[in-house]
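Heads up, the thing below is written out as C-alpha cells.
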Amino acid sequence: MTAIAPTLEAAPARRVKIPLAVILLIPITLINLIGFVAPVINLLSFSFREVQATGAMTGGSSIASWVAIVTDPFYIELLVNSILTSLLIVVLTLVCSFPIALLLHRTTGFARTVLLFVVITPLLTSAVVRTYGWIALLLDGGVINSLLSLAGLPTLKLIFNSTGVVIGLTEILMPYMILSLLAGFRRLDPRVEEAALTLGANPFQTFWRIIVPLTLPGVALGSLLCFVLAVSSFITPKLLGGGRVFLLATEIYDQAMVTLNWPLASTLAIMILIVFGGALFLYLRALRAIA
Amino acid sequence: MTKTFGQFLKVCATSALLASTLFTGAAKAETNLTLVAYPVLFQENYTKAVIEPFLKANPDIKITYFAQPTAAQMLGTLRAQKAAPQADVVIMDLSVSKAGSDEGLFVTLDEASVPNMKDLAPGARVPGLAGAGVTFDNLVLMYNTELVKEAPTSWMALADPAFKGKEAIPAMPDIIGLGLTVVLDRAMGGTDYLNNVDKGIEALMKIAPNVQTWDPKPEVYVPVVNGQAALGVGWNARTQLNNKLSNGRIKAVLPKEGSLFQANAISLVAGSKSQEAAKKFINYALSAEAQARFTEAMFYAPTNTKAKALISEEAIQRTALANMDRMQPMDWVALAPKRDAINEMWRRKVIPLSR
Chain A
873 MTAIAPTLEA APARRVKIPL AVILLIPITL INLIGFVAPV INLLSFSFRE
923 VQATGAMTGG SSIASWVAIV TDPFYIELLV NSILTSLLIV VLTLVCSFPI
973 ALLLHRTTGF ARTVLLFVVI TPLLTSAVVR TYGWIALLLD GGVINSLLSL
1023 AGLPTLKLIF NSTGVVIGLT EILMPYMILS LLAGFRRLDP RVEEAALTLG
1073 ANPFQTFWRI IVPLTLPGVA LGSLLCFVLA VSSFITPKLL GGGRVFLLAT
1123 EIYDQAMVTL NWPLASTLAI MILIVFGGAL FLYLRALRAI A
Chain B
471 MTKTFGQFLK VCATSALLAS TLFTGAAKAE TNLTLVAYPV LFQENYTKAV
521 IEPFLKANPD IKITYFAQPT AAQMLGTLRA QKAAPQADVV IMDLSVSKAG
571 SDEGLFVTLD EASVPNMKDL APGARVPGLA GAGVTFDNLV LMYNTELVKE
621 APTSWMALAD PAFKGKEAIP AMPDIIGLGL TVVLDRAMGG TDYLNNVDKG
671 IEALMKIAPN VQTWDPKPEV YVPVVNGQAA LGVGWNARTQ LNNKLSNGRI
721 KAVLPKEGSL FQANAISLVA GSKSQEAAKK FINYALSAEA QARFTEAMFY
771 APTNTKAKAL ISEEAIQRTA LANMDRMQPM DWVALAPKRD AINEMWRRKV
821 IPLSR
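Line order of the protein sequences matches chains A and B.
Quick note: the first sequence, position 214, residue 1086 per the numbering used here, numbers continuous.
Quick note: the second sequence, position 248, residue 718 per the numbering used here, numbers continuous.
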C-alpha cells in the first residue's frame, strides 16, 4: 500500500512537466525521422559512394559525383534550365489561375460548389492519364493542329519539346494554384474594393492597388507549391518532352534507372532539395515583406 | 439432434482430409524457388514455354514468378535484400547482371553444376559474368506497314526526308540508342567502336531532323503500331510479338549493314536457400529444348547452339538465326566505360538538331 502511494502522487506532477504540445508532436516527429530524415541521410551517403562503369557499387567511396555536378557544364545547364522552366510554368499557372480563383471567391451558393468541383476534379485523375490526354490534343495530327490546318493556318510543334512540357505542367498544376489562391483570398473584403471605387479609382487601379496587394500571401503560397511540384515532376516531362527537354527530375530517373549511376542520381536529388530550400527561404522572405 | 451429428461427421471428414494433405506435403518436401524476371508478355510466354514443362518434370519444385519491369529495379531489389535474399534465380539484362556479378550478388556458375553451359554460344559466356546468357535479341529497324509501303532495307532509310517528323528512336542513355550508334558507326565505315564512334554520331546527325520523339512511351513499338510514327528502332523479339498482336501493322527489318545482339542473363542469387533446385532450373532454362520452345513463343534467339535444330522454319525466319551473316560482335561490358562520353555527344550534337 505504501509502495503504491508515492507513484500515484508523482504521476500528475510529471504530467505537468511535459507540455501537451510536445507529446502531440512526437508522432509526426517520428514519421518525419523515419520517412524523411533517414532516407535523406541515406541519399547523402549514396552520393559519396564509388560506382563502376557497369553501375556496380563495390564499396569504395568517392566525391566524383559532386565534382561532376559542379564542373560539368551539362549539370549546371540542367539546374538553370530546371529552375527557369519551372518559373515560367509558375508564372503561366498564376496568370491562368488568378481570374478563376477570383471568380470562385466572388461566387456564392450552389454555383460556387459546382465551380469548386470543376476545379478539384482534375486532381482526382492521375497526372499520367491527363498527360496522355494532352498527347492526343497536341500531336501533329491531334485536335489543335487539325483545327489549325482546317482554318488554313500553319500547324505548330506543340509536343515532344519544352512547349509541350510547359503546356502540360501548367494545366496539371492549376488546381493547386487555384486552391492556394483561394486560401489567401480571405483577406479580400469586397467592401474595400467598393471603397476604392467610391473614392474614384478605376477598375484597373482597384485591381493593382487593392486586390493584388491583399492577395499576395496566396500568390506566394501558390507559387511556392507549384514551383516545388514543377521542379520535382518527372512523368509529364518524360511523356511530353520527347527526350529533348533535360530537367533535374528526368535526369535523376535516367541516372538511377537506365545508367545505374545511383551515386550521381543521389547527388542530383540532394541538389533538388537544396533548390527547394532556396525556394522556401525566398517564400519566407517574401511573406515578411508582404506583412 | 441429427443435424448436430451430421455437422460432427463433416468436421471429422474435413480434419481427415486436412491431415492427409499435410502428410503428403511433408513427404514430398517441396522446394520453393522465386524467379525474378520481366512482366506481362515475357512472364506469360516464359511460364508457358519454360516454367510449366520444368514443373511437370520436377513435381517436388514450385516456382513463384516475381515480375519487375526493368533490370534496374531488379538490381535495386537484390541490393536491398542482400542480407536476406528472397529471390533464387534472376533473368535480367546482361550488362546489369554484370554489375550484380561485380557486387557479389550472384553465385558463379560453371559447367560442372550447370552442364548445359557447355553448349552456349560465346556471346552468352562473358568473362566476369556470374550467370550465363539465356536469350539473345537484336536491334532492328521497324516500320508501320500502312504508312510505309516498300520495306526499307538500310538503316539510312531513317535519314530519308520523306519520314520527317515520323520517327521514334529511344535516345541514349537507353541501350537502343547506344546500340544504334555502334551499328551506324560500322555501317558508315567505322572499325573500332570501343575507341571512336564519330562516324556513327555523324550518321545520327543526318537522322536527327526526322525524329519525332527520342523518348517514346510507353515503349517504342506503340507509336509505330498505331501510326503516330512510320519508322522506329527497337528489339526484334518485341517487334515480332507486336507484329503478331497487331495483325501485321508493324514489321521488323534486319538491315543490310547488319545489327548486333544483346542478351539477357540468368543468374543464381548469392545466399539463395535452394541452390540445388535453382541450378536444376537454370540448367533446364539453358537446355536446347527449353530455348527452342521460348524462341517459338517469343522470338528471342536461343543462346544454346543446339537449339536451332529444334526450331520451326517460321520462327527461325522471325529471328536473327535466319541472317547470322549480318550479325556483328558487340561487347557491351567493354563499351560501358565509354557510355557517358557517347551520351554527351548525343546531347551536344545529335538531339539539338531535332528541335
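Yeah, the Cβ is synthetic: ideal placement off N, Cα and C, and Gly gets one too.
Predicted, not measured: the structure shown is a model, and the values here were computed from it.
- Less than 8 Å divides the Cβ of B/Thr773 from the Cβ of B/Leu590.
- Chain A has no Cβ within less than 8 Å of the Cβ of B/Thr661.
- Interface annotation for the region 807-824 of chain B against chain A: Pro807, Lys808, Arg809, Asp810, Asn813, Glu814, Arg817, Arg818, Ile821, Pro822, Ser824, criterion Cβ-Cβ distance under 9 Å.
- Burial state of B/Glu783 is exposed, judged by a 10 Å Cβ sphere holding fewer than 16 other Cβ atoms.
- Taking the C-beta atoms as reference points, A/Ile1044 is found no nearer than 8 Å to A/Thr1122.
- Residue-level contact check: A/Phe908 does not touch chain B, since none of the beta carbons of chain B fall below 8 Å from its beta carbon.
- Ranked by Cα distance from A/Ser1052, the first of A/Asn904, A/Arg1116, A/Thr1087 is A/Thr1087.
- Sequence-distant partners of A/Ala1008 (beyond 5 residues in either direction) whose C-beta falls short of 8 Å from its own C-beta, in its chain, are Gly1014, Val1015.
- With contacts defined by Cβ atoms closer than 8 Å, B/Ala748 and B/Ser742 form a contacting pair.
- Runs of the beta strand (DSSP E) spanning 3 or more residues and lying entirely within the region 715-772 of chain B occur at 720-723, 729-739, in chain order.
- Here B/Phe606 is bridged, per DSSP, to B/Ala733, B/Ala771.
- Across the structure, B/Gly647 and B/Ala641 are spaced so that their CA atoms are roughly 5 Å apart.
- Per DSSP, A/Met1049 lies in no beta strand (DSSP E); the unbroken alpha helix (DSSP H) holding it starts and ends at 1034-1056.
- Assignment of B/Asn614 by DSSP, reduced to helix, strand and coil, places it in the strand class.
- Burial state of A/Val990 is exposed, judged by a 10 Å Cβ sphere holding fewer than 16 other Cβ atoms.
- Looking at the DSSP output, B/Gly574 sits in no beta bridge, so it has no partner there.
- Within the DSSP secondary-structure output, B/Asp563 pairs in a beta bridge with B/Asn734.
- Close CB contacts of A/Asn1017 within its chain, under the 6 Å cut and outside five residues either way in sequence, are with Thr1027 (chain order).
- Residue A/Asn953 holds the alpha-carbon nearest to the alpha-carbon of A/Val1117 among A/Leu902, A/Ile900, A/Val963, A/Asn953.
- For B/Glu573, the chain A residues whose Cβ falls inside 8 Å of its Cβ are Ala928, Met929, Thr930, in order along the chain.
- Minimum Cα-Cα distance from A/Leu1011 among the listed residues B/Ala621, B/Met626, B/Val604, B/Lys636 corresponds to B/Lys636.
- Non-local C-beta neighbours of B/Ser624 in its own chain, meaning closer than 7 Å and more than five positions away in sequence, comprise Pro725, Lys726, Glu727, ordered along the chain.
- The CB of B/Gly635 comes closer than 9 Å to the CB of Asp1012, Lys1029 in chain A, given here in chain order.
- Just measuring C-alpha positions, the residue of B/Thr683, B/Asp630, B/Lys721 sitting nearest B/Gln698 is B/Thr683.
- Taking CB atoms only, B/Thr540 has a neighbour in chain A less than 8 Å away.
- A Cβ-Cβ distance of about 7 Å is found for the pair A/Ile941 and A/Leu1140, placing them in contact under the 8 Å criterion.
- For A/Thr1131, there is no enclosing alpha helix (DSSP H), since its DSSP letter is neither H nor E.
- With respect to the 8 Å criterion, A/Met1049 and A/Cys1098 are classified as neighbours on the basis of their beta carbons.
- For A/Gly1014, no alpha helix (DSSP H) segment is defined, and its DSSP state is neither H nor E.
- Partner residues in the beta bridge of B/Gln798, as assigned by DSSP, are B/Leu730.
- For A/Val967, the enclosing alpha helix (DSSP H) starts and ends at 945-978.
- Bridge pairing for B/Asn665: absent [DSSP].
- Per DSSP, reduced to three states, the secondary structure at B/Tyr535 is strand.
- Counting other Cβ atoms within 10 Å of its Cβ, A/Ile898 stays below 16 and is therefore classed as exposed.
- Under the three-state reduction of DSSP, B/Glu637 is assigned to strand.
- In this chain, the beta strand (DSSP E) harbouring B/Gln682 covers 681-683.
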